[in-house]
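Everything in the sequence shown is counted per this note's numbering, starting at 958 for the first residue and increasing by one.
As structure tokens, the structure follows; a few thoughts come after it.
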Amino acid sequence: MILDDIVVDGKGNPKGKSTGINVKVKLQYKEFCLILLSSLALCLFSSCKSSEEPLHYGGQIYAEELLLQGLDVWSPYDLKIEHVLFTNPDDLVQAFRSGVVDVALFSDLQAARVFAEMGDQALIIAISERGDRMSTLVRADSGIQSWADLQGKKVALRSGSGVELAMKRYFALHPQLDWDAVEWINLAAEDMPAALTSGTVDAICALEPVPAMAQAAGGMRVLLSYGDCCPSPMVLVTTRDFAARNPEKLSAFLRGQRDKLALIRSDPAKTARIAAHAAKTYDLEIPASAFHIVFMRVDYTLEIDDAALADLRETASELLALGQIDRLPEFSFDATFLSAAGD
């Protein structure tokens, strides 16, 4: 905003000799008042603009995020949200580091890397999803009943992924299983259902919604899901600085997340239809039946609990052992924003 200059041309001066000092003082006083009022108006305008600044939320292509794209859960709380879904997680991490994103949705692997780098500058404010997010599927008519039956078989797994890390954790918990006895096939997740259908592989290990999509297409069944050993929480992370300056925004943000959760629990069929429609925006043809399976299978509870934190720490320890992070991070969290958001 630009303030116009206040000009007095002198032609309107009062008559008489008294125009000098008295009129000059009066004009200076009037100028001062006008400038003061204009400055106050500018300050108020700037303050309003600051309060109207949207919360920049960086998400990823997951079922609940696509659902949020099709809902309006934040306007009832007078919160403006700029919700962007990142197809490349590395881009989201960079956007968060640089302050382009105020709140980010990170996997346990991404959270471990962010906290290892940023330390206590980063802050977990809620869990977005956890539980049976990863599954192993086989053909319904295969006769395979356990991992023991997959020894010597071909299993599709994305190399270097969080799913691979989870599977190695599962094998470590079951020493009777031999990792090297399985023929692991490095395959992109989107190609796995077709490979299983064609018989190219005997099983697939993937993150939702791929298992649900395979199930919805028919002819496949879940051999095992891994929520018990590998809940792999997705966490909502902000910075301490943003949290200190915007506690009301964060509470309103989490109220919207609570409303999303309530809808998933009360009407999973409706949420599945909304997510399927939103997915088309990203050229994803995922049927509502697949999203319905996801919303019934995955735990979207928001509360931060010991189990989720323990899983984050275990993931960080595994990444440290692999040399993917330089130090073991401490995961800072603050549940007060979620408490302020109500039940």
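Glycine residues also receive a C-beta, built at the ideal position from the N, C-alpha and C atoms.
Remember, predicted model here, so these are calculated numbers, not experimental data.
So is residue i buried or exposed if we call it buried at 16+ other beta carbons inside 10 Å?
i, result
"Leu1066", "buried"
"His1249", "buried"
"Gly1117", "exposed"
"Ala1229", "buried"
"Asn1203", "buried"
"Gln1172", "buried"
"Asp1059", "buried"
"Asp1283", "exposed"
"Glu1205", "exposed"
"Asp1089", "buried"
"Tyr1019", "buried"
"Trp1031", "buried"
"Leu1049", "buried"
"Gln1078", "exposed"
"Pro1286", "buried"
"Ala1265", "buried"
"Asp1198", "exposed"
"Leu1279", "exposed"
"Ser975", "Residue placement at Ser975 is poorly supported in this model, since its pLDDT is 38, which falls under 50; the coordinates are not used for a value here."
"Gln1017", "buried"
"Leu1062", "buried"
"Glu1242", "exposed"
"Thr1272", "buried"
"Ser1055", "exposed"
Return the residue from the list the options that minimises the CA-CA distance to residue i.
i, options, result
"Gly1314", "Glu1242, Tyr1019, Ser1099", "Lying outside 958 to 1300, the shown extent of the chain, residue 1314 is not represented and no answer is given."
"Asp1268", "Ala1123, Pro1244, Ile1101, Ala1209", "Ala1123"
"Gly1213", "Glu1010, Glu1009, His1040, Ile1018", "His1040"
"His1131", "Cys1186, Leu1207, Arg1270", "Cys1186"
"Leu1220", "Glu1010, Tyr1014, Glu1021", "Glu1021"
"Gly1175", "Thr1154, Glu1287, Leu1012", "Thr1154"
"Arg1070", "Asp1300, Leu1276, Phe1294", "Leu1276"
"Ala1209", "Ser1182, Gly1119, Asp1198, Ser1296", "Ser1296"
"Met1191", "Asp1240, Ala1138, Asp1137, Val1255", "Val1255"
"Asp1148", "Ala1138, Leu1266, Ala1163", "Ala1163"
"Gly1015", "Ala1298, Gly1184, Thr1195", "Thr1195"
"Leu1028", "Leu1181, Ala1273, Asp1216", "Asp1216"
"Thr1258", "Leu1012, Gln1051, Ala1068, Arg1087", "Arg1087"
"Asp1035", "Thr1293, Leu1211, Glu1242, Ser1289", "Leu1211"
"Val1179", "Ala1264, Ala1236, Ile1101", "Ile1101"
"Trp1104", "Trp1136, Met1091, Ala1097", "Trp1136"
"Asp1224", "Ala1245, Ser1085, Asn1045, Phe1053", "Ala1245"
"Ser1182", "Val1158, Ile1142, Leu1094", "Leu1094"
"Gly1076", "Ala1232, Phe1290, Ala1298, Leu1023", "Phe1290"
"Leu1024", "Val1139, Tyr1239, Phe1294", "Tyr1239"
"Lys1037", "Glu1010, Ser1055, His1234, Ile1231", "Glu1010"
"Ala1068", "Gln1281, Leu1144, Glu1165", "Gln1281"
"Ala1152", "Ala1129, Gly1184, Ala1113, Ala1138", "Ala1113"
"Gln1026", "His1234, Ser1064, Arg1270", "His1234"
"Ala1201", "Phe1294, Ser1189, Pro1033", "Phe1294"
"Val1139", "Pro1150, Ala1145, Ile1161", "Ile1161"
"Ala1146", "Pro1166, Val1251, Gln1051", "Pro1166"
Per DSSP, residue i forms a beta bridge with which residues?
i, result
"Asp1256", "Arg1087"
"Thr1195", "Leu1080"
"Ser1092", "Ala1163, Ser1182"
"Gly1015", "Val1041, Ala1061"
"Ile1142", "Ala1113"
"Phe1290", "Ile1081"
With respect to the alpha helix (DSSP H) encompassing residue i, which residues constitute its N-terminal and C-terminal limits?
i, result
"His1234", "1225–1236"
"Leu1266", "1263–1278"
"Lys1037", "Here Lys1037 belongs to no alpha helix (DSSP H), and DSSP marks it neither H nor E."
"Thr1154", "1149–1155"
"Asp1047", "1046–1054"
"Gln1102", "No alpha helix (DSSP H) holds Gln1102; DSSP gives it neither H nor E."
"Leu1122", "1119–1130"
"Glu1022", "1020–1026"
What is the residue span of the beta strand (DSSP E) that residue i lies within?
i, result
"Arg1178", "1177–1182"
For the ligand FMN, is there a heavy atom less than 7 Å away from the beta-carbon of residue i?
i, result
"Phe1210", "Summarising the ligand content, the structure contains no ligands, and the ligand FMN is consequently not present."
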